[in-house]
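For reference, the structure discussed in these notes is given below.
In my numbering, the protein residues as written are 37 to 313.
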């Protein structure tokens, strides 16, 4: 008998079941893949993005890191003692201040060798406004300074809160408070500490040390509060003098408003921190 168009051969039951199972598995795989985040290719501006925080790994103990930090300070203080006057601008490349370590009388000294070997922790610079973290510096001619980085602090605190860690943190917090940028300035100088840096470091001190070092955190926070109050008094005096001189222009009034706001934000932050301790 001839077949009609509706007389197509039927697929065996086993084959149909296998085909249906394959279809279900494919559908499930596609669904799971759709739920995963899409990985985009890096853009041309990727290099401009802020790098992810890298937590340094260390095999040293807190005691060893603190000892290394003290060696950093010692080398910085000693490296400038080899000559009465700093090098002139003709002797050293200001864009490569570390080159000072290659000229007499620094070359070959233990301090110069130490700073070269610990460039992640210690820095030589040339500026009339040295880094606020400078340990030692010259003031005449082409000024040279030696400063320490906060790298040791980062490393020691990966081990958790400790007496040794607090000693390094207190060192940097004290400098930050003593060199805090004035709220009267339009921007910080190279030898001052930005408020947002100090604010972040005080917050870190609270998170790590409030439990076991409460009194120490409280003392350094009160020191910051006193500094901010002194800044407020300085600002008030400045604006009183401006009024006496009748120089209170609209732009000056706007600057006063910004100064008052900045000082209030600083005071409120410290007040809240102290209140939580």
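C-beta atoms are modelled at their ideal positions from N, C-alpha and C, and glycine is treated no differently.
Computed from a prediction, not measured in an experiment: that's the story for all the values here.
Burial state of residue i (16 or more Cβ within 10 Å)
i, result
"residue 243", "exposed"
"residue 97", "exposed"
"residue 133", "buried"
"residue 313", "exposed"
"residue 302", "buried"
"residue 309", "buried"
"residue 276", "exposed"
"residue 267", "buried"
"residue 146", "exposed"
"residue 260", "buried"
"residue 140", "exposed"
"residue 35", "This structure cannot speak to residue 35, because the chain is shown only from 37 to 313."
"residue 201", "buried"
"residue 191", "buried"
Residue from the options with nearest C-alpha to residue i
i, options, result
"residue 293", "264, 214 and 220", "220"
"residue 158", "166, 164 and 170", "170"
"residue 101", "151, 188, 153 and 165", "188"
"residue 198", "252, 217 and 307", "252"
"residue 164", "105, 209, 110 and 228", "228"
"residue 112", "273, 192, 186 and 173", "173"
"residue 237", "305, 131, 104 and 154", "305"
"residue 109", "154, 139 and 137", "154"
"residue 207", "186, 217, 231 and 264", "186"
"residue 103", "204, 183 and 156", "204"
"residue 234", "217, 200 and 152", "217"
"residue 297", "160, 213 and 264", "264"
Element boundaries [alpha helix (DSSP H), containing residue i]
i, result
"residue 101", "98-115"
"residue 157", "Per DSSP, residue 157 belongs to no alpha helix (DSSP H) and is neither H nor E."
"residue 192", "187-193"
Start-to-end residues for the beta strand (DSSP E) that takes in residue i
i, result
"residue 181", "180-184"
"residue 172", "170-173"
Near the ligand HEM: residue i beta-carbon under 7 Å from a heavy atom
i, result
"residue 249", "For the ligand HEM, the structure offers nothing, since it holds no ligand at all."
Along the chain, which unbroken stretches of the alpha helix (DSSP H) at least 4 residues long are found entirely within the region 213-299?
Complete alpha helix (DSSP H) runs here, min 4: 231-245 and 250-280.
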